[in-house]
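Below is one structure, written out as structure tokens, with a few remarks after it.
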Amino acid sequence: MQKVRKAVFPVAGLGTRFLPATKAMPKEMLPVVDRPLIQYAVDEAREAGIEQMIFVTGRGKSAIEDHFDIAFELERTMSDRGKDLSVLEPTRLGPGNCAYVRQQEPLGLGHAIWCARDIIGDEPFAIFLPDEFMVGKPGCMKQMMDAYNQVGGNLISVLEVPHDKVSSYGVIAPGKAQGNITQVMGLVEKPKVEDAPSNLIISGRYILQPDVMRVLEAQEKGAGGEIQLTDAMAQMIGKQPFHAVTFDGDRYDCGDKAGFITANIALALARPDIGPSVKAWLKTINLD
Ligand code: G1P
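Position one of the sequence shown corresponds to residue 55 (our numbering), numbered consecutively onward.
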């Protein structure tokens, strides 16, 4: 089985739901406590053994490139002042560990992934949607990588949502399950509640075979008039193994303001440095 060495991070979205915060700043740079969302996704990838991070960016997203670069003036000033630089360690992606490619038009997630086809080449690869903030031990992608080592092929992470929420997501038709691994019999992007085959949604982590790029090449527009990754994946079912991994951990939808605030509160409470004072303040709130 070929090792998964590369991951694609589609980060070209405009982030209109967070305006005006995202007018001049990529939504992926919004911090949960003191790390930008994109940093958590990269950390999760590293933990799973991914070596090369491929960012599919767009205009106005250069802050992401700066974030993962060496900040020479900052580092020099900090070290001259005797400050600890270890806080910057996770932000360093050397030239061999990252690549940037632009999605020039907002044609959908499937199109964004297709923009990375030359860098992916003929290898299986991972995808991370950084809005989906997954907190687990081990992380979501590591859990998927363990499943990949058992079943190979294509894998997506799934989790249950209330039935009335399925229309915002890609939904699976589940087959046989063994432990946390479920066979995928069908996939549908943003179905009507009454048409949804289950309440198991695709939660933003994928391990796919490179063949999906060839399917995407010819993919017609789907839900929302966009080229959908889900539609391309659906065409691979039956031709290659396709499984879902039920994520064991906490998930926050940081594409949504309430989910983003919840993530900040949850992570702040878990931090030994600021947790106690945040908790003390929360206890003073009258929630009625
Ligand atoms: C995308 C995918 C969808 C998935 C979702 C997870 O949708 O197309 O299948 O369930 O991310 O957040 P989007 O949120 O871009 O509309």
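Built from N, CA and C at the ideal position, the CB exists for glycine as well.
Is the beta carbon of residue i less than 8 Å from the beta carbon of residue j?
{"i": "Ile-256", "j": "Leu-161", "result": "no"}
{"i": "Val-197", "j": "Phe-301", "result": "What sits at residue 197 in the sequence shown is Gln, not Val. Going by C-beta atoms, Gln-197 is nearer than 8 Å to Phe-301."}
{"i": "Ser-252", "j": "Pro-228", "result": "yes"}
{"i": "Leu-213", "j": "Ile-261", "result": "no"}
{"i": "Arg-146", "j": "Met-195", "result": "no"}
{"i": "Val-299", "j": "Asn-234", "result": "yes"}
{"i": "Glu-243", "j": "Ala-201", "result": "no"}
{"i": "Ile-92", "j": "Ala-61", "result": "no"}
{"i": "Gln-237", "j": "His-165", "result": "no"}
{"i": "Met-287", "j": "Leu-241", "result": "yes"}
{"i": "Leu-254", "j": "Val-225", "result": "yes"}
{"i": "Lys-115", "j": "Ala-66", "result": "yes"}
{"i": "Leu-139", "j": "Glu-127", "result": "no"}
{"i": "Lys-311", "j": "Arg-89", "result": "no"}
{"i": "Leu-84", "j": "Ala-75", "result": "yes"}
{"i": "Leu-283", "j": "Ile-173", "result": "no"}
{"i": "Gln-157", "j": "Val-205", "result": "no"}
Could you check the C-alpha separation between residue i and residue j for me, to the nearest Å?
{"i": "Lys-333", "j": "Gln-289", "result": "48 Å"}
{"i": "Val-86", "j": "Tyr-306", "result": "11 Å"}
{"i": "Gly-150", "j": "Lys-337", "result": "48 Å"}
{"i": "Glu-101", "j": "Met-188", "result": "13 Å"}
{"i": "Ser-133", "j": "Leu-270", "result": "48 Å"}
{"i": "Thr-59", "j": "Ile-291", "result": "Reading off the sequence shown, one finds Arg at residue 59, where the question assumed Thr. Roughly 23 Å between the two C-alpha positions."}
{"i": "Pro-80", "j": "Ala-117", "result": "7 Å"}
{"i": "Leu-364", "j": "Asn-203", "result": "Given that the chain is displayed from residue 55 to residue 342, the structure contains no residue 364 and the question cannot be resolved."}
{"i": "Ala-324", "j": "Asn-318", "result": "10 Å"}
{"i": "Asp-342", "j": "Trp-335", "result": "16 Å"}
{"i": "Pro-326", "j": "Gly-175", "result": "43 Å"}
{"i": "Ile-104", "j": "Phe-179", "result": "9 Å"}
{"i": "Gly-309", "j": "Glu-119", "result": "21 Å"}
{"i": "Arg-113", "j": "Ala-231", "result": "43 Å"}
{"i": "Ala-322", "j": "Glu-159", "result": "37 Å"}
{"i": "Glu-82", "j": "Glu-98", "result": "15 Å"}
{"i": "Pro-144", "j": "Ile-124", "result": "11 Å"}
{"i": "Ile-315", "j": "Phe-122", "result": "25 Å"}
Name the DSSP beta bridge partners of residue i, please?
{"i": "Val-62", "result": "Ile-108 and Ile-181"}
{"i": "Glu-214", "result": "Leu-254"}
{"i": "Arg-156", "result": "Thr-111"}
Verify the contact flag: residue i, CB atom, against every heavy atom of ligand 3, threshold strictly below 7 Å.
{"i": "Ile-92", "result": "Ligand 3 is not part of this structure, which contains only ligand 1."}
Exercise. Between the stretch 188-198 and the stretch 291-306, do at least 3 Cβ pairs fall closer than 8 Å?
Worked result: The stretch 188-198 vs the stretch 291-306: in contact.
Exercise. Counting Cβ pairs closer than 8 Å, one from the stretch 234-253 and one from the stretch 214-221, do we hit at least three?
Worked result: Enough Cβ pairs lie closer than 8 Å, so yes.
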